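>
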Amino acid sequence: EAGVTQFPSHSVIEKGQTVTLRCDPISGHDNLYWYRRVMGKEIKFLLHFVKESKQDESGMPNNRFLAERTGGTYSTLKVQPAELEDSGVYFCASSLGQGVVFNEQFFGPGTRLTVL
Amino acid sequence: SQQGEEDPQALSIQEGENATMNCSYKTSINNLQWYRQNSGRGLVHLILIRSNEREKHSGRLRVTLDTSKKSSSLLITASRAADTASYFCATVYGNKLVFGAGTILRVKS
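Residue numbers (our numbering), protein chains in the order written: chain A, 71 to 186; chain B, 4 to 112.
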């Protein structure tokens with residue numbers, strides 16, 4: 071069974087440009103999460119989809135970030151315009167369930183974003 | 004903030020030695036997990052310990068949890084070069100994972 075995949079693995083862009091990251095969750099997983107690790111700091115939650123709906127987007131840093139999950143399958147995270155402080159590793163995860171009872175989140179390999 | 008903090012921030016040991024990493028958190032938890040991130044690879048779930056457990060083993064991994072001190076430790080025994088990675092503890096807050104800053108472990112062969 072394929073795991074969570076992310077594309078691209080690495081993106082280098084200039085400040086002010088736009089970048090779109092893609093995440094394909096494990097088939098059948100309704101829950102999809104985005105996290106990021108910026109500048110070697112802790113990994114921080116960005117947002118959580120349940121199917122195509124945003125369940126929690128409290129971690130989105132500002133309105134330069136737009137996440138979508140049309141059709142409830144893959145998700146995209148667009149950064150427009152990118153700033154230097156957006157550099158870091160963006161992780162995607164998916165899980166079968168959610169809630170108080172732990173449902174393991176399976177992580178993808180991450181996309182390393184470098185903004186010059 | 005519910006974020007956990009790990010110490011040490013970095014640890015360098017010889018192959019075969021044991022490595023111990025500690026994590027502290029701030030709020031009550033249902034469980035605590037440990038993850039590993041190898042360079043260039045994603046996060047791998049290592050082990051989960053529930054709030055009513057004090058110790059758990061998985062292969063060469065041993066995790067302890069002290070809810071009175073809001074702390075956990077991860078022990079890797081007989082370390083190998085392949086254990087070189089960043090290790091993170093994480094707690095669950097609602098539906099999201101809250102990670103600590105991580106410990107960078109380097110195992111020298």
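Glycine included, C-beta positions come from ideal geometry on N, C-alpha and C.
Treat the numbers as computed from the prediction; the structure is a model and nothing was measured.
#1: Please name the residues in the segment 19-50 of chain B whose beta-carbon is closer than 7 Å to at least one beta-carbon of chain A, in chain order.
#2: Relative to the C-alpha of A:Pro131, which residue among A:Glu122, A:Ser81, A:Trp104 is closest?
#3: In whole angstroms, what is the alpha-carbon distance linking A:Lys111 and B:Asp69?
#4: Which residues share a DSSP beta bridge with A:Val149?
#5: Ordered along the chain, which non-local residues of its own chain (more than five positions away) have a Cβ less than 6 Å from that of B:Ser4?
#6: When you compare the CB of B:Gly62 with every CB in chain A, is at least one pair closer than 8 Å?
#7: Quick check: the Cα distance between B:Ala22 and A:Met109, rounded to an integer number of angstroms?
#8: Kindly list the residues whose CB is nearer than 6 Å to the CB of A:Arg107, restricted to its own chain and excluding five residues on each side of it in sequence; keep chain order.
#9: Using CA atoms only, rank isn't needed, just tell me which of B:Asn41, B:Ser42, B:Asn25, B:Arg44 is closest to B:Leu35.
#10: Which class does B:Leu14 belong to by DSSP, given the choice of helix, strand or coil?
#11: Between which residues of its own chain and A:Cys118 is the CB-CB distance below 6 Å, once the five residues before and five after are set aside?
According to the structure data:
#1: Asn33, Asn34, Arg44, Gly45, Leu46, His48
#2: Within the first sequence, numbered from 1, the residue matching residue 131 of chain A stands at position 61. When only C-alpha atoms are compared, the closest one is A:Trp104.
#3: One-based indexing of the first sequence puts residue 111 of chain A at position 41. One-based indexing of the second sequence puts residue 69 of chain B at position 66. Their backbone Cα atoms lie some 25 Å apart in a straight line.
#4: To locate residue 149 of chain A, count along the first sequence from 1; it is residue 79. A:Val149 is bridged to A:Val89, A:Phe135.
#5: Position 1 of the second sequence, counted from the first residue, corresponds to residue 4 of chain B. Residue confidence for B:Ser4 is low, a pLDDT of 37 falling below 50, so the modelled location carries little weight; the figure read from the coordinates is stated next. None.
#6: Here residue 62 of chain B is taken as the residue at index 59 of the second sequence, counted from 1. No, its Cβ sits nowhere closer than 8 Å to a Cβ of chain A.
#7: Along the second sequence, read from residue 1 onward, the residue named residue 22 of chain B stands at position 19. Along the first sequence, read from residue 1 onward, the residue named residue 109 of chain A stands at position 39. Looking at the two C-alpha atoms, the distance is approximately 25 Å.
#8: Start at 1 with the first residue of the first sequence, and residue 107 of chain A comes out as number 37. Closer than 6 Å at the Cβ level, and outside the excluded window around A:Arg107, lie Ile113, Gly158, Val159.
#9: Start at 1 with the first residue of the second sequence, and residue 35 of chain B comes out as number 32. Considering only alpha carbons, the answer is B:Asn25.
#10: Here residue 14 of chain B is taken as the residue at index 11 of the second sequence, counted from 1. Strand, per DSSP.
#11: Against the first sequence, residue 118 of chain A aligns to sequence position 48. Here the sequence assigns His to residue 118 of chain A, which means Cys is not the residue at that position. Around A:His118: Tyr103, Gln125, Asp126.
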